[in-house]
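Colleague: Encoded as structure tokens, here's the structure I'll be asking about.
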Amino acid sequence: MTDISEVGEFGLIDRIAERIKEKEGLVKGIGDDCAVLEDGDYYTLLTTDMLVSGDHFNRNWHSPWQIGWKSIIVNISDIAAMGGYPEWCLVSIALPDDVDYEYVDDIFKGMLDASEKYELSIIGGDTTHGDLLVINITLIGDVEKENLCMRGDAEVGDLICVSGDLGKSWAGLDLLRAGKEGYTEFHLQPDCRLELGRRLAPHVNGMIDVSDGLASEVNHICDESGVGALVEKDKVPISDRTREAGKILDKDPMFWALSGGEDFELVFTIPEEDLDRIEDTEPIVVGKITEEGRYISNGEKKPLEGGYKHF
Numbered sequence: 531m532t533d534i535s536e537v538g539e540f541g542l543i544d545r546i547a548e549r550i551k552e553k554e555g556l557v558k559g560i561g562d563d564c565a566v567l568e569d570g571d572y573y574t575l576l577t578t579d580m581l582v583s584g585d586h587f588n589r590n591w592h593s594p595w596q597i598g599w600k601s602i603i604v605n606i607s608d609i610a611a612m613g614g615y616p617e618w619c620l621v622s623i624a625l626p627d628d629v630d631y632e633y634v635d636d637i638f639k640g641m642l643d644a645s646e647k648y649e650l651s652i653i654g655g656d657t658t659h660g661d662l663l664v665i666n667i668t669l670i671g672d673v674e675k676e677n678l679c680m681r682g683d684a685e686v687g688d689l690i691c692v693s694g695d696l697g698k699s700w701a702g703l704d705l706l707r708a709g710k711e712g713y714t715e716f717h718l719q720p721d722c723r724l725e726l727g728r729r730l731a732p733h734v735n736g737m738i739d740v741s742d743g744l745a746s747e748v749n750h751i752c753d754e755s756g757v758g759a760l761v762e763k764d765k766v767p768i769s770d771r772t773r774e775a776g777k778i779l780d781k782d783p784m785f786w787a788l789s790g791g792e793d794f795e796l797v798f799t800i801p802e803e804d805l806d807r808i809e810d811t812e813p814i815v816v817g818k819i820t821e822e823g824r825y826i827s828n829g830e831k832k833p834l835e836g837g838y839k840h841f
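With the sequence shown counted from 1, adding 530 to any position gets you our numbering.
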């Protein structure tokens, strides 16, 4: 028997994808932040994410409200990466024996607050019993056809940009693991860049959200676009607070930025001559799309490797 860790998450996904027959009306299926369907003057966007206790949240650290909030935010981030906006939400939840009514009510308060902030409606779902607390969210959104952004749209010569500091969520996680206080808000209560995604969409080529670390996301763009990339290590944005957390824990903040994930910033590519069109969004240029190879350079080129692994 083959252990799933030998194949990996994306090897498993590829195996599933190669056996699926596409149906008329499908613009993009497996391989992007959202599936894309034809819908008149718009495209319909569909995304789903599952959060499992102990893997995606810790009930000792996260309040039930924060768990509910995060479950919605991580899905909206996928919509943001496609240049769209969320409309409808389905919620499925498995509840273990040690969860009471008030706890579940607070989870849904978090979901409702996130839904209200980003103007989406919860329209249904499912509840069941389980050994662990598990939440699965399905979001349905829309995007104007001319604004659709996909991982596979990057072009050779594009600049690689990010929307903000990286590594802050994983820094908070490692601080929590070490029993340290402070600088944990980005992990416990993340937010997404929906408005920014909407502003960038008319101008950028490829785009993806940072859920598994910069290295992983740039590699996804390269895989889908059939291109290479060169990331300049000294241009990767890491905040002073994240660097200080690294000193406290004796950990490399660059590892958090490249491989940590859950920052939910946006990584996007744009022709160099168009950069001034998005100057007001304060893009951070970290590299360039090339014809082949994936590298990170700090005077010496090394393979661009890393990213959070689920298996």
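We treat Cβ as the ideally placed atom computed from N, Cα and C, and that holds for glycine.
Can you tell me which of 735, 727, 789, 814 puts its alpha carbon nearest to the alpha carbon of residue 764?
Modeller: Looking at the Cα atoms, 814 is the closest of the given residues.
Colleague: Taking residue 717 as part of the alpha helix (DSSP H), name the residues at either end of that continuous run.
Modeller: Note, residue 717: alpha helix (DSSP H), 715-718.
Colleague: What's the gap between the Cα of residue 718 and the Cα of residue 585?
Modeller: The alpha-carbon atoms of residue 718 and residue 585 are separated by roughly 13 Å.
Colleague: Under 7 Å between the Cβ atoms of residue 607 and residue 739?
Modeller: Yes; because the gap between Cβ atoms is below 7 Å, this pair is in contact.
Colleague: Touching or not, the segment 615-634 and the segment 643-662, by the rule of three or more beta carbon pairs under 8 Å?
Modeller: The segment 615-634 is in contact with the segment 643-662.
Colleague: Can you name, in chain order, every residue of its own chain whose Cβ lies under 7 Å from the Cβ of residue 601, other than the five neighbours on each side?
Modeller: Counting only Cβ-Cβ distances below 7 Å, and skipping sequence neighbours, we find 581, 641, 665, 667.
Colleague: For the candidate residues 669, 836, 762, 733, whose alpha-carbon lies nearest to that of residue 801?
Modeller: If we check each option's Cα against that of residue 801, 733 comes out closest.
Colleague: In chain order, what residues of the same chain have a beta carbon less than 8 Å from the beta carbon of residue 811, not counting five sequence neighbours either side?
Modeller: Excluding sequence neighbours, residue 811 sits near 693, 726, 729, 730.
Colleague: Assign residue 549 to one of two classes, buried (16 or more other C-beta atoms within 10 Å of its C-beta) or exposed (fewer than that).
Modeller: Looking at its Cβ environment, which holds fewer than 16 other Cβ atoms inside 10 Å, residue 549 is exposed.
Colleague: For residue 608, which of helix, strand or coil comes out of DSSP?
Modeller: Helix at residue 608.
Colleague: So the candidates are 662, 782, 714, 554; which of them puts its Cα closest to the Cα of residue 623?
Modeller: Nearest C-alpha to residue 623: 662.
Colleague: If you reduce the DSSP assignment to three classes, tell me which class residue 841 lands in.
Modeller: The predicted position of residue 841 is uncertain, since its pLDDT is 47 and thus under 50; a value taken from the coordinates is nonetheless stated next. Three-state result, residue 841: coil.
Colleague: Residues in its own chain within less than 6 Å of residue 532 by CB, not counting five upstream and five downstream?
Modeller: Cβ within range, chain order: n/a, list empty.
Colleague: Since residue 691 and residue 610 are thought to touch, with beta carbons under 8 Å apart, how far apart are those beta carbons, to the nearest angstrom?
Modeller: The Cβ separation is near 15 Å, so there is no contact.
Colleague: Is residue 558 buried or exposed, if buried means 16 or more other CB atoms sit within 10 Å of its CB?
Modeller: Burial call: buried.
Colleague: Once DSSP output is grouped into helix, strand and coil, what is the label at residue 619?
Modeller: Here residue 619 sits in strand by DSSP.
Colleague: Going by C-alpha to C-alpha distance, which of 735, 576, 572 sits closest to residue 803?
Modeller: Taking only the C-alpha atoms, the option nearest residue 803 is 735.
Colleague: Taking C-beta to C-beta, are residue 799 and residue 819 nearer than 7 Å?
Modeller: Their beta carbons are under 7 Å apart, which means residue 799 touches residue 819 by this criterion.
Colleague: I think residue 712 touches residue 673, with their Cβ atoms under 8 Å apart; what is that distance to the nearest whole Å?
Modeller: Actually they do not touch by this definition, with Cβ atoms about 38 Å apart.
Colleague: Just the Cα atoms here: how many angstroms apart are residue 625 and residue 631?
Modeller: Looking at the two C-alpha atoms, the distance is approximately 10 Å.
Colleague: Figure out for me which residue from 670, 715, 575 has the closest Cα to the Cα of residue 678.
Modeller: Measuring from the Cα of residue 678, the nearest candidate turns out to be 575.
Colleague: Quick check on DSSP: helix, strand or coil for residue 633?
Modeller: Of the three classes helix, strand and coil, the one that applies to residue 633 here is helix, per DSSP.
Colleague: Using three-state DSSP, classify residue 706 as helix, strand or coil.
Modeller: If DSSP states are grouped into helix, strand and coil, residue 706 belongs with the helices.
Colleague: Going by the DSSP bridge assignment, what does residue 691 pair with across the sheet?
Modeller: BP columns for residue 691 point to 798, 815.
Colleague: In whole angstroms, give me the CA-to-CA distance for residue 551 and residue 776.
Modeller: So the two alpha carbons sit approximately 47 Å from each other.
Colleague: Taking 7 Å as the cut-off, decide whether the C-beta atoms of residue 669 and residue 605 are in contact.
Modeller: For residue 669 and residue 605, yes; Cβs fall inside 7 Å.
Colleague: Based on the DSSP secondary-structure assignment, which residues constitute the bridge partners of residue 656?
Modeller: 622, per the DSSP bridge assignment.
Colleague: Whose C-beta lies closer than 7 Å to the C-beta of residue 638 among residues of the same chain, with five residues either side of it excluded?
Modeller: These residues qualify, in order along the chain: 598.
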